[in-house]
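**Q** Take this structure, written in structure tokens, and hold onto it; I'll ask about it next.
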Amino acid sequence: MTISRQELPAALVAGAVTGLVVVILSLSFAVLIFSGELAGHVGTAIGMALFTAVVVGALVALFSSYPGTIAFPQDKIAPILALMASLIVAETPPGTDPEQVFATVASALMLATALTGGLLFALGYFRLGGFIRFIPYPVIGGFLAGTGWLLVKGAIKVMTGHAPTLEGVPHLFAVAEAVKWMPGLAFALVLIVGMRRWKHVATLPLLLAGGILGYHLVARLLGQSLEGLEQGGYLLGHLPAAGGWRPDAVIRALSADWLMIADQAGSVSTILLISAIGVLLNSSGIEVAANQDMDLNRELKIAGIANLVSGAGGGIIGFHTLGLSSMVLKMGVCSRLVGLISALVCLAMLVIGTEPLALFPKAVLGGLLMFIGLGFLEEWLVDGRHHMPGADYAIIVMIVAVVGTFGYLQGAAVGIVACVVLFVVNYSRVAVAKHELTAADVSSNVDRPREEVALLKAHGGRILIYSLQGFMFFGTANKLLTRVIGRCGDPGPDMVEAVVFDFRRVSGIDTSAAMSFVKLRQFAEKRGLSLVFAGQNAEAGMVLERAGFVGAEGATWRSAPDLDHALEWSENRLLARLEVEARSKPRSLMADLAEDLGEPLQVARMMSFVETLDVPAGTVVLQQGSAAHDLFILESGQVTVRLITDNGTSIRLRTMHAGTVVGEMGLYLNEERSASVVADADCVIHRLTARNLIRMEAEAPSVAAAFHRLMARQLAERLRNTDHMIRALTD
Numbered sequence: 001m002t003i004s005r006q007e008l009p010a011a012l013v014a015g016a017v018t019g020l021v022v023v024i025l026s027l028s029f030a031v032l033i034f035s036g037e038l039a040g041h042v043g044t045a046i047g048m049a050l051f052t053a054v055v056v057g058a059l060v061a062l063f064s065s066y067p068g069t070i071a072f073p074q075d076k077i078a079p080i081l082a083l084m085a086s087l088i089v090a091e092t093p094p095g096t097d098p099e100q101v102f103a104t105v106a107s108a109l110m111l112a113t114a115l116t117g118g119l120l121f122a123l124g125y126f127r128l129g130g131f132i133r134f135i136p137y138p139v140i141g142g143f144l145a146g147t148g149w150l151l152v153k154g155a156i157k158v159m160t161g162h163a164p165t166l167e168g169v170p171h172l173f174a175v176a177e178a179v180k181w182m183p184g185l186a187f188a189l190v191l192i193v194g195m196r197r198w199k200h201v202a203t204l205p206l207l208l209a210g211g212i213l214g215y216h217l218v219a220r221l222l223g224q225s226l227e228g229l230e231q232g233g234y235l236l237g238h239l240p241a242a243g244g245w246r247p248d249a250v251i252r253a254l255s256a257d258w259l260m261i262a263d264q265a266g267s268v269s270t271i272l273l274i275s276a277i278g279v280l281l282n283s284s285g286i287e288v289a290a291n292q293d294m295d296l297n298r299e300l301k302i303a304g305i306a307n308l309v310s311g312a313g314g315g316i317i318g319f320h321t322l323g324l325s326s327m328v329l330k331m332g333v334c335s336r337l338v339g340l341i342s343a344l345v346c347l348a349m350l351v352i353g354t355e356p357l358a359l360f361p362k363a364v365l366g367g368l369l370m371f372i373g374l375g376f377l378e379e380w381l382v383d384g385r386h387h388m389p390g391a392d393y394a395i396i397v398m399i400v401a402v403v404g405t406f407g408y409l410q411g412a413a414v415g416i417v418a419c420v421v422l423f424v425v426n427y428s429r430v431a432v433a434k435h436e437l438t439a440a441d442v443s444s445n446v447d448r449p450r451e452e453v454a455l456l457k458a459h460g461g462r463i464l465i466y467s468l469q470g471f472m473f474f475g476t477a478n479k480l481l482t483r484v485i486g487r488c489g490d491p492g493p494d495m496v497e498a499v500v501f502d503f504r505r506v507s508g509i510d511t512s513a514a515m516s517f518v519k520l521r522q523f524a525e526k527r528g529l530s531l532v533f534a535g536q537n538a539e540a541g542m543v544l545e546r547a548g549f550v551g552a553e554g555a556t557w558r559s560a561p562d563l564d565h566a567l568e569w570s571e572n573r574l575l576a577r578l579e580v581e582a583r584s585k586p587r588s589l590m591a592d593l594a595e596d597l598g599e600p601l602q603v604a605r606m607m608s609f610v611e612t613l614d615v616p617a618g619t620v621v622l623q624q625g626s627a628a629h630d631l632f633i634l635e636s637g638q639v640t641v642r643l644i645t646d647n648g649t650s651i652r653l654r655t656m657h658a659g660t661v662v663g664e665m666g667l668y669l670n671e672e673r674s675a676s677v678v679a680d681a682d683c684v685i686h687r688l689t690a691r692n693l694i695r696m697e698a699e700a701p702s703v704a705a706a707f708h709r710l711m712a713r714q715l716a717e718r719l720r721n722t723d724h725m726i727r728a729l730t731d
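Reminder that position 467 of the sequence shown reads as 467 in UniProt numbering, one-by-one numbering, no gaps.
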């Protein structure tokens, strides 16, 4: 840790101001937690809070990945700790020794702090910090808004001595009660206005000092003495020396009622969740404010160790604070010295004692709590209305209502359930079928004779293709089922005969979605429809099989390794239905050429330039990477164009039937063969070499011109089909 002489004064001032604010906030949280029947132990509570500020503040200042980070007892957790303490007091049988009640509450706080430290450290150690960010944003907003509401209620309890209830609202506005909490509300409004108008690190301390002096001045003008204010419950009062804190938390725990502490498992679980979220949210906010990345897993581990030490000493939960870290940043100081000085200020107050705090008006402390709580409520319930969708905002309002009525745990559960339902509803609106196409729009990588291509264009509507996407569950799959049945249900001259489902972009499928496909198969059996599943992964196939989607391929359904093979099978089936014997009576490319030439003599002249070859199945007609000196006209049989990748994998690019040409690209461009061509069956092939093509152009220019026109037409048709497919897939 290094700091220049020029930066030292600023660091000292920033640390002192920050320490003063931390002391006051720690005092506020202690009074909030130990109020009502626990008010007699508020001195010890203040010591516990200050001890936490010392430990957490110093450790985070020393080891945080951002040197200007400030940490102290947390405003997000204090209301829950106060709620847990009040529940323990409420459930304590009458006549119980007050010391045992205090020991039970203090031990519950110690346990919650230690467990929080263990959880935070474990999350950081196993590098799980990023997973916490998957918690829905409205739930986090609802937590923070609920915290604001509980802070406002806690502030009123600090000032009046009892928590406000719906039934007690009329009593709250009685003169005797109003004079206790209305000054605090006025002071909270002054803090809101002042902090917005004067954005300076000294604004809050000056307003707090002004609030204390102003309260005493008004009380003196109204004829109230210090004794009268203290007796009337308007001041914090005299507190034990040295803050009342002693490092005897373990000894105190021996007299605690641990069965009663166990009943607070729900509150402790909520504390653990909110603490983990709080550390990450505050750290992320500091990242943005400082424009510097932080190691979130490191921050979790540091916060975990700090809370383990704090819990062992009887402290409460504390971790990074965005507000004070941002205040220090605005002062232009980025040094670990600021956090250390702040911790020293808290240590001095812990050692010297809290007697000077006896003159603190409860209205000022309550106003400070109310200021923080109103800030949360304004951010999420007022500003949030204009910055988020209505459904998300409604969830936040619902969480606040549940938290205020039943508690944090119930609010968390309701919020998460609501977000899950909202996600399901919204995701169900996303079309699982990215594209709905027909065989007239897209085709397999099979070059077919002209008649077959024309038939597929004319009757391609009998083959439906659905390109699926995302995760398929009951909502999206049921919509797909309804859509397919509606599309295939009506008989007609061109009724659908096959439905192809492309699973290539499907990330997963659940059992409910699989049952939708089972229902679709039942419909297909009655309708005489063929279902083809293309590119489904092993997981999807396993889910379908477990749902009962089993049976011999060929009856109603079949699978294909990819969309290309699925389309090829569907096209062959459709052509067979149309009684096109593509393989036994193929349309010859020479017949197309004869139509262009118009004279049998010219065709014979063309044949004089080619060499006819009988190629057995399995022969490599063209080798990838070889020089291109010829092209081949497929008279009969079938060949496949295959690309050999660097790792040796063979990928099918196209399959070509009789009446097509192969190798023309390499010949015309004079490039190496980009792929291999393998005969799938016994073939008859006409070979035209580059030398013979040149000779044809010289000796029979009309024949050469007709041949070039035919090649141009073939390439243009391929380009057009590709263009149509791209347009269909991008609509």
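Cβ coordinates follow ideal geometry from the N, Cα and C atoms, glycine included.
What residues are listed by DSSP as bridge partners for HIS686?
**A** Numbered from 1 along the sequence shown, position 686 holds the residue referred to as residue 686. THR612 and ILE633, per the DSSP bridge assignment.
**Q** Going by DSSP, which residues form a beta bridge with VAL639?
**A** The residue labelled residue 639 in the question sits at position 639 within the sequence shown. VAL639 pairs with MET656 and ALA679.
**Q** Could you check what DSSP says for VAL158 in three-state terms: helix, strand or coil?
**A** As a working mapping, residue 158 is identified with position 158 in the sequence shown. If DSSP states are grouped into helix, strand and coil, VAL158 belongs with the helices.
**Q** Give the single residue among VAL499, SER467, MET515 and ILE463 whose Cα lies nearest to the Cα of GLY475.
**A** Residue 475 sits at position 475 when you count from the first residue of the sequence shown. The option with the nearest alpha carbon to GLY475 is MET515.
**Q** Is it right to say VAL17 is buried, meaning 16 or more other beta carbons lie within 10 angstroms of its own, or is it exposed?
**A** For the purposes of this step, residue 17 is identified with residue 17 of the sequence shown, where counting begins at 1. VAL17 should be labelled buried.
**Q** Quick check on VAL279: does DSSP put it in helix, strand or coil?
**A** By one-based count along the sequence shown, residue 279 stands at place 279. Of the three classes helix, strand and coil, the one that applies to VAL279 here is helix, per DSSP.
**Q** Counting Cβ pairs closer than 8 Å, one from the stretch 664-680 and one from the stretch 601-620, do we hit at least three?
**A** Cβ pair count under 8 Å is three or more, so yes.
**Q** Closer than 6 Å by C-beta to SER283: which residues in its own chain qualify, once you throw out the five before and the five after it? Chain order, please.
**A** The count along the sequence shown starts at 1 and reaches residue 283 at position 283. Taken in chain order, the residues that qualify are MET294, LEU296, GLU299 and HIS320.
**Q** Tell me the residue span of the beta strand (DSSP E) that contains ASP564.
**A** Within the sequence shown, residue 564 is the residue found at index 564, counting from 1. Segment 563-577 is the alpha helix (DSSP H) holding ASP564; no beta strand (DSSP E) there.
**Q** Name, in chain order, the residues that DSSP records as bridge partners for PRO73.
**A** Position 73 of the sequence shown, counting from 1, holds the residue named residue 73. PRO73 pairs with GLY318.
**Q** Smallest Cα separation from MET159: which of GLY141, GLY210, PHE187 and LEU166?
**A** Counted from its first residue, the sequence shown places residue 159 at position 159. If we check each option's Cα against that of MET159, PHE187 comes out closest.
**Q** Should VAL400 and GLY142 be called a contact, given that it needs their Cβ atoms to be closer than 8 Å?
**A** Sequence index remark: in the sequence shown, residue 400 carries index 400 (1-based). Sequence index remark: in the sequence shown, residue 142 carries index 142 (1-based). Yes, they are a contact pair.
**Q** Taking the DSSP output, what are the residues bridged to GLY508?
**A** For the purposes of this step, residue 508 is taken as residue 508 along the sequence shown, with counting starting at 1. DSSP output for GLY508 lists PHE471 as bridge partner(s).
**Q** Between the Cα of GLY625 and the Cα atoms of LEU166, ASN670, SER443 and LEU340, which residue gives the shortest distance?
**A** Residue numbering aside, residue 625 sits at position 625 when the sequence shown is read from its first letter. Closest option to GLY625, Cα to Cα, is ASN670.
**Q** Any idea what DSSP makes of THR165, helix, strand or coil?
**A** Within the sequence shown, residue 165 is the residue found at index 165, counting from 1. Three-state DSSP puts THR165 in coil, outside helix and strand.
**Q** Leaving out five residues on either side along the sequence, give the residues of the same chain with a beta carbon under 7 Å from the beta carbon of LEU20.
**A** In the sequence shown, counting from the first residue as 1, residue 20 sits at position 20. These residues qualify, in order along the chain: PRO205 and VAL345.
**Q** If you run the structure through DSSP and keep just helix, strand and coil, what is PHE173?
**A** For the purposes of this step, residue 173 is identified with residue 173 of the sequence shown, where counting begins at 1. In the structure shown, PHE173 sits in coil (DSSP, three-state: anything other than H, G, I, E or B).
**Q** Taking the CB atoms as reference points, tell me whether SER443 and LEU563 lie closer together than 8 Å.
**A** Within the sequence shown, the letter at position 443 stands for residue 443. Within the sequence shown, the letter at position 563 stands for residue 563. No, the Cβ-Cβ distance between SER443 and LEU563 is not below 8 Å.
**Q** Identify whether ASP447 lies in helix, strand or coil by the three-state DSSP scheme.
**A** Along the sequence shown, read from residue 1 onward, the residue named residue 447 stands at position 447. Of the three classes helix, strand and coil, the one that applies to ASP447 here is strand, per DSSP.
**Q** For residue 799, report the span of its beta strand (DSSP E) as first-last.
**A** Coverage of the chain is limited to positions 1 through 731, which leaves residue 799 absent and any answer about it impossible.
**Q** Alpha carbon to alpha carbon, how far is residue 743 from LEU207?
**A** No statement about residue 743 is possible, as the shown extent of the chain runs from 1 to 731 and does not include it.
**Q** Just to confirm the assignment, what range does the alpha helix (DSSP H) spanning ALA82 have?
**A** As a working note, residue 82 is residue 82 in the sequence shown. Start and end: 78-91.
**Q** In whole angstroms, what separates the C-alpha of GLY313 from that of TYR66?
**A** Stepping through the sequence shown from its first residue, residue 313 is reached at position 313. Stepping through the sequence shown from its first residue, residue 66 is reached at position 66. Looking at the two C-alpha atoms, the distance is approximately 26 Å.
**Q** Could you spell out the range, first to last residue, of the alpha helix (DSSP H) harbouring GLU230?
**A** Counted from its first residue, the sequence shown places residue 230 at position 230. Unbroken alpha helix (DSSP H) run through GLU230: 226-231.
**Q** Could you tell me which of LEU50, VAL338, ILE302 and VAL152 sits nearest to residue 733, measuring between CA atoms?
**A** The displayed coordinates of the chain run from 1 to 731. Any statement about residue 733 would go beyond what the structure contains.
**Q** Below 8 Å, how does it come out for the stretch 628-642 and the stretch 660-670: are there three or more Cβ pairs, yes or no?
**A** The stretch 628-642 vs the stretch 660-670: in contact.
**Q** Check whether the stretch 450-470 and the stretch 501-511 are in contact - that is, three or more C-beta pairs closer than 8 Å.
**A** Enough Cβ pairs lie closer than 8 Å, so yes.
**Q** Look up PRO586 in the DSSP assignment and say whether it is helix, strand or coil.
**A** Locating residue 586 in the sequence shown gives position 586, where the first residue counts as 1. Bear in mind that a pLDDT of 49 at PRO586, under 50, signals an unreliable position, so the number given afterwards is only what the model happens to contain. The answer is coil: DSSP assigns PRO586 none of H, G, I, E or B.
**Q** Our contact map puts THR511 next to LEU272 with C-beta atoms below 8 Å; I'd like the distance itself, whole angstroms only.
**A** For the purposes of this step, residue 511 is taken as the residue at position 511 of the sequence shown. For the purposes of this step, residue 272 is taken as the residue at position 272 of the sequence shown. About 33 Å; that fails the 8 Å criterion.
**Q** Whose C-alpha, out of ILE33, ALA90, LEU359 and LEU480, is nearest the C-alpha of MET260?
**A** Here residue 260 corresponds to residue number 260 of the sequence shown, with the count starting at 1. The shortest Cα separation from MET260 among ILE33, ALA90, LEU359 and LEU480 belongs to ALA90.
**Q** Less than 8 Å separating the beta-carbons of GLY390 and GLN74?
**A** Counted from its first residue, the sequence shown places residue 390 at position 390. Counted from its first residue, the sequence shown places residue 74 at position 74. Contact flag unset, no.
**Q** Can you tell me the Cα-Cα spacing of LEU520 and ASP494, whole angstroms?
**A** Mapped onto the sequence shown, residue 520 falls at position 520. Mapped onto the sequence shown, residue 494 falls at position 494. Spanning the two alpha carbons is a distance of roughly 20 Å.
**Q** Tell me which residues share the same chain as PRO98 and place their Cβ nearer than 8 Å to its Cβ, disregarding the 5 neighbours each side in the sequence.
**A** As a first step, residue 98 must be located in the sequence shown, where it is residue number 98. The answer, listed in chain order, is GLU37 and GLY40.
**Q** Just confirm the distance between the C-beta atoms of ASN445 and ARG652, as a whole number of angstroms; I'd bet it's less than 8 Å.
**A** On the sequence shown, residue 445 is found 445 positions in, with the first residue counted as 1. On the sequence shown, residue 652 is found 652 positions in, with the first residue counted as 1. Sure, about 7 Å apart at Cβ, within 8 Å.
**Q** Quick check on the DSSP output: the beta strand (DSSP E) that includes HIS200 runs from which residue to which?
**A** On the sequence shown, position 200 is the one that residue 200 refers to. It is not in any beta strand (DSSP E) - HIS200 carries neither H nor E in the DSSP assignment.
**Q** Locate the alpha helix (DSSP H) running through GLU379, then write down its first and last residues.
**A** Reading the sequence shown from its first residue, position 379 is the one you call residue 379. Element bounds for GLU379: n/a, residue is neither H nor E.
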